[in-house]
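To start, the structure under review is shown below, and the notes come after it.
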RNA sequence: GGUCGUGUGGCCGAGUGGCUAGGCAGAGCUCUGCAAAAGCUUCUACAGCGGUUCGAAUCCGUUCACGACCUCCA
């Protein structure tokens, strides 16, 4: 673990050296989806980013406990009191039980995760599985003087919290008075003492299906509470990294901090990480603009704004080509570029397997490739700069191609070639989580059939029977098999 | 209105006080029966205006533009 990883901490607003609380263990908590509809593509970007973070932490030797929750209760459309439970409203729409909605979209979410080659979190807890703990935490907050009951609901008391010299708003740079001023006109006649207060527990109306008994009557937990409860339960009072999309910074993460401090008195998270938003053709995806696009629509191409489908790995590479903290934009041009880039990298990975060392060692060349090896880790240590990592991998791919064209011989020591090869494959496959989607197509059977076709074409070419030779090549192209005539024979590739 | 962020070559996208990012596209060349692939070469930018500095795309100020969150949308 000789890494010098540093990362941008949203809480301190600066890049900091990553020092785990209890090495070699690292606790990572990421806010997961609310399973009330198909997972949003922007959410997928966030999860890909943290998948990469998880992978890199493991790559450099940490033992990571990765907790990503499933929100299956309590997420209100309006946190201010008159909220509608998203899962309930969807269940009415689809005429299904709330738990059927939860099940349906949890399964769908997991399917999407698999497509994009996301590692499973080591713990994936659900809000409904932690109702007891949420009630306990609410009780503690009341007894600590940070919450009050009103009419069967319980609210967090932001003023009481601030009076104890805590600072609600420090993560998102907000101050409570301004928030109150901003809320004034929106404020209804609700049970809260102050408009910045937020629900820990909500009383269930008679029509409400998702309900649990509590000391304050039948109700359901507030949205922010589950993350506080589950992160503390599985990662401890203070843990290393908490991640999520920027849109969750306020109010969700702000409330989480307040709840945790209200119970434990200590700062819950050492490093906060926020991923930036995903746009489509330069605009935020939104239903009203009609440019909202689902992961499966992007993969299948079944959407009016798409020319065709793009593979999950093409999309994954596109996302990782920009830094997690920058906005990312999906455009057709970008997807097409990424598709080509992906092929370039995967081809290089394939060529790499055929390389051997040559008799003589070119020490300049050797130090050049070892420099590329070192750079992979250097750039990742700098706040997970996947954009730079991919640039480095492209340079490595160029190098591989040069060797490949030079009789597949590398003028470097065996040790250097092994290190180079391990770095290229390790960073491409293990860290970036790219997989070779075509591997399954290259079966043994296909290999043998193709060898036969290539041999037949070869004899045609030897007889200068170009029409037969080209006919074979064109027909294969229709079948998405590309022939490449190299100096030392013909190889094929499934598109 | 408040908080935060962004503006880089034809396009995407890193970087952030002096040193070629990288990719895609374009042009030329090599290889090839022709292609494809690959290689080599080439094109070389930092929104405008001030300022600091020996030197700024990078720091400071300012103007303009765009975006996010604060309010349902991840």
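Numbering (our numbering), first residue to last: 6 to 500. Using N, Cα and C, we set each Cβ at its ideal position, and we do this for glycine too.
Cβ-based neighbour list, residue i, same chain, cut-off 8 Å, excluding 5 preceding and 5 following
i           : result
residue 67  : 6, 25, 28, 29, 30 and 31
residue 290 : 45, 46, 47, 283, 284, 296, 297 and 298
residue 319 : 340, 343, 344 and 347
residue 377 : 397, 400, 401, 404, 425 and 428
residue 458 : 477 and 481
residue 252 : 282
residue 1   : The structure shown does not extend to residue 1, since the chain spans only 6 to 500, so no value can be given for it.
residue 321 : 53, 121, 122, 437, 438 and 439
CA-to-CA distance, residue j to residue i, given in whole angstroms
i           : j           : result
residue 134 : residue 64  : 32 Å
residue 395 : residue 271 : 39 Å
residue 331 : residue 57  : 15 Å
residue 367 : residue 359 : 19 Å
residue 302 : residue 172 : 43 Å
residue 316 : residue 494 : 30 Å
residue 485 : residue 448 : 15 Å
residue 19  : residue 241 : 24 Å
residue 215 : residue 382 : 48 Å
residue 13  : residue 276 : 8 Å
residue 69  : residue 337 : 36 Å
residue 361 : residue 373 : 17 Å
residue 176 : residue 17  : 8 Å
residue 312 : residue 306 : 7 Å
residue 118 : residue 300 : 10 Å
residue 23  : residue 185 : 36 Å
residue 128 : residue 234 : 14 Å
residue 225 : residue 165 : 24 Å
residue 274 : residue 72  : 14 Å
residue 437 : residue 269 : 36 Å
residue 85  : residue 210 : Only weak support is given to the placement of residue 85: the predicted model assigns it a pLDDT of 42, under 50, and the value that follows is read from those uncertain coordinates. Going by the C-alpha atoms only, they are around 16 Å apart.
residue 389 : residue 278 : 11 Å
residue 287 : residue 334 : 6 Å
residue 504 : residue 167 : Not covered by the structure: residue 504. The range shown for the chain is 6 to 500.
residue 206 : residue 103 : 19 Å
residue 204 : residue 328 : 35 Å
residue 218 : residue 160 : 17 Å
Segment limits, beta strand (DSSP E) that includes residue i
i           : result
residue 335 : 333 to 335
residue 22  : 19 to 22
Residue i: first and last residue of the uninterrupted alpha helix (DSSP H) it sits in
i           : result
residue 324 : 317 to 325
residue 311 : Premise fails: residue 311 is in no alpha helix (DSSP H) and is neither H nor E.
residue 138 : 136 to 148
residue 10  : Note, residue 10: premise wrong, no alpha helix (DSSP H); not H, not E.
residue 488 : Not the alpha helix (DSSP H): residue 488 falls in the beta strand (DSSP E), residues 486 to 491.
residue 98  : 91 to 99
residue 173 : Segment: none, residue 173 is in no alpha helix (DSSP H) and carries neither H nor E.
residue 385 : 368 to 386
residue 165 : 163 to 168
Beta-carbon contacts of residue i that lie in its chain and below 7 Å, excluding the five residues immediately before and after
i           : result
residue 339 : 323
residue 107 : 40, 77 and 92
residue 387 : 11
residue 222 : 157 and 208
residue 1   : Since the first and last residues shown for the chain are 6 and 500, residue 1 lies out of range.
residue 370 : 416 and 417
residue 55  : 35 and 248
Backbone secondary structure at residue i - three-state DSSP
i           : result
residue 154 : strand
residue 496 : strand
residue 465 : helix
residue 190 : With a pLDDT of only 46 at residue 190, under the threshold of 50, the placement of this residue in the model should not be trusted; the figure read from the coordinates follows. Helix.
residue 184 : helix
residue 414 : strand
residue 67  : coil
residue 86  : In this prediction, residue 86 scores a pLDDT of 41, lower than 50, which makes its location untrustworthy; no coordinate-derived value is stated.
residue 210 : coil
residue 110 : helix
residue 128 : strand
residue 424 : helix
residue 480 : helix
residue 352 : helix
residue 203 : strand
residue 73  : strand
residue 361 : strand
Neighbourhood of residue i by C-beta, 6 Å cutoff - its chain only, sequence neighbours within 5 removed
i           : result
residue 229 : 257, 260 and 261
residue 497 : 455, 486 and 488
residue 351 : 441
residue 385 : 61 and 394
residue 38  : 44, 48 and 114
*Within the stretch 221 to 308, note down every full beta strand (DSSP E) run reaching 3 residues or more, in order along the chain.*
Counting only runs of 3 or more, we get 224 to 226, 244 to 250, 274 to 280 and 283 to 285.
_Ignoring anything shorter than 3 residues, give me the beta strand (DSSP E) runs that lie fully in the stretch 28 to 53, in order along the chain._
With a minimum length of 3 residues, the continuous beta strand (DSSP E) runs that stay inside the stretch 28 to 53 are 30 to 35.
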